[in-house]
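Participant: I have a structure here, written as structure tokens, and I will follow up with some questions on it.
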Amino acid sequence: MALTVDNLRCPQNHRCPLLTVCPVGAITQSGFGLPVIDPEKCIECGKCVGHCGKQAIHKPADNGKTV
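What follows is the structure, given as structure tokens:
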């Protein structure tokens with residue numbers, strides 16, 4: 088399963104730096120809105136997890152615990 092962004096942890100007030108971290112371009116963002124991870128593109132490499140300073144990236148099946 089692809090990773091997801093926790094809307095309670097993500098501040099959504101700036102351009103997400105993870106857009107340039109993802110090696111396959113799976114993360115998109117509209118304006119300063121919540122970034123979205125495309126499950127069809129995501130390879131779960133974990134680079135976004137390590138770079139997110141807000142610990143807002145999660146696996147859907149992990150009940151909200153950070154990967």
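Under my numbering, residues 88 to 154 are what the sequence shown spells out, in order. Even glycine gets a Cβ: it sits at the ideal position worked out from N, Cα and C. None of the values given here were measured: they were computed from a predicted structure.
Beta-carbon separation of LYS128 and VAL111 under 8 Å?
Facilitator: Taking the sequence shown and counting its residues from 1, one reaches residue 128 at position 41. Taking the sequence shown and counting its residues from 1, one reaches residue 111 at position 24. The answer is yes: Cβ separation under 8 Å.
Participant: Smallest Cα separation from CYS101: which of ILE114, ALA89, PHE119 and ALA113?
Facilitator: As a working note, residue 101 is residue 14 in the sequence shown. For the record, residue 101 in the displayed sequence is His; it is not Cys. Of ILE114, ALA89, PHE119 and ALA113, the residue nearest in Cα terms is PHE119.
Participant: Does the Cβ of PRO122 have 16 or more other Cβ atoms within 10 Å, making it buried, or fewer, making it exposed?
Facilitator: Numbered from its first residue, the sequence shown carries residue 122 at position 35. So PRO122 counts as buried.
Participant: What does DSSP give as the partner residue(s) for THR91 in the beta ladder?
Facilitator: One-based indexing of the sequence shown puts residue 91 at position 4. THR91 pairs with HIS145.
Participant: Do the CB positions of ARG96 and LYS141 come within less than 8 Å of each other?
Facilitator: Taking the first residue of the sequence shown as 1, we reach residue 96 at position 9. Taking the first residue of the sequence shown as 1, we reach residue 141 at position 54. Yes. Within cutoff.
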